[in-house]
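Residue numbers (this note's numbering): 7 to 311. Just so it is clear, CB atoms sit at the ideal spot from N, CA and C, and this is done for glycine as well. All remarks here apply to the structure that follows.
Below is the structure:
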């Protein structure tokens with residue numbers, strides 16, 4: 007199982023003004039909270055169950071949530087196009103977006119306030135790592151530690167961003183009129199390209215999990231708006247260089263979406279950071295990949311409570 011369809015959790019909406027953020031609190035109540043911030047186009051169910059269980063077994067209380075425009079959280083209405091945004095991306099032309107990564111970071115703070123959590127650990131994956139950088143830089147007093155997985159500091163550009171093949175696969179997700187089966191097929195193609203080498207995603211179990219994810223949230227238009235937020239947000243280099251809380255940077259040595267050199271850049275900017283490069287890890291956390299860094303992750307959390 008790659009997607010998390012576990013039971014025995016509490017879930018609901020954190021609400022402020024016209025914004026609703028859907029969250030899932032895995033507990034236990036007495037555990038030390040760990041906020042999980044998912045990446046581009048990912049629902050809270052994308053956090054793998056073996057990672058959730060290991061955190062719980064180690065005395066932690068994982069809390070995942072749907073970023074705005076994804077899953078069951080509030081949807082926005084602008085209609086940017088993939089091609090126009092990526093043309094601007096290649097030409098270094100500023101990109102307008104309905105919201106920025108800073109707004110998404112504020113959503114996380116709102117969730118913590120709603121749950122009355124004064125201080126926690128935060129783990130950010132890909133775009134979630136970008137959001138978490140802003141979180142820990144702006145609110146260092148609210149976080150014990152930061153773990154960055156498969157993320158970057160700079161705004162993506164042709165030199166540090168995804169390969170052309172990956173961009174073509176991302177473009178497929180922008181097609182709005184795909185059937186459920188077509189969406190499952192393209193998900194298999196994408197994860198097979200960006201994941202670890204030799205891992206078989208084209209299985210009945212995985213296809214069923216993707217189908218359940220689609221059923222949970224049929225509207226996929228938020229993917230393009232989230233991408234616009236990434237491309238439309240300025241580099242966080244100065245902000246990230248001010249991060250002082252203990253940081254663990256985890257990155258795959260074959261990541262085709264966020265190139266490995268981005269991990270070294272983050273490590274150079276964050277003075278209080280450790281870098282863990284994971285062999286044969288792409289841009290995902292398959293169970294064999296998680297097994298390669300789970301001990302270092304728990305040690306990082308334990309050391310900085």
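- Buried is the label assigned to residue 40, since at least 16 other Cβ atoms lie within 10 Å of its Cβ.
- Counting of Cβ neighbours within 10 angstroms places residue 265 among the buried residues, the total reaching 16 or more.
- Taking the Cα positions, residue 173 is about 12 Å away from residue 162.
- Secondary structure note for residue 222: its alpha helix (DSSP H) is the uninterrupted segment 210–222.
- Residue 260 holds the alpha-carbon nearest to the alpha-carbon of residue 288 among 240, 260, 225 and 267.
- Look at residue 265 here: in three-state DSSP terms it is coil, with no helix or strand label.
- Inclusion of residue 232 and residue 76 in the CB contact set at 8 Å is warranted, their separation being smaller than that value.
- DSSP places residue 260 in the coil class of the three-state scheme, outside both helix and strand.
- Going by DSSP, residue 130 is part of no alpha helix (DSSP H) but of the beta strand (DSSP E) stretching over 126–131.
- By the Cβ test, the segment 235–249 is not in contact with the segment 115–122, since fewer than three Cβ pairs between them sit closer than 8 Å.
- In the structure shown, residue 56 adopts helical secondary structure according to DSSP, grouped into three states.
- Residues of the same chain with a CB within less than 7 Å of the CB of residue 15, apart from the 5 flanking positions on each side, are 30, 31, 32 and 33 in chain order.
- Looking from the CA of residue 72, the closest CA among 263, 223, 302 and 306 belongs to 223.
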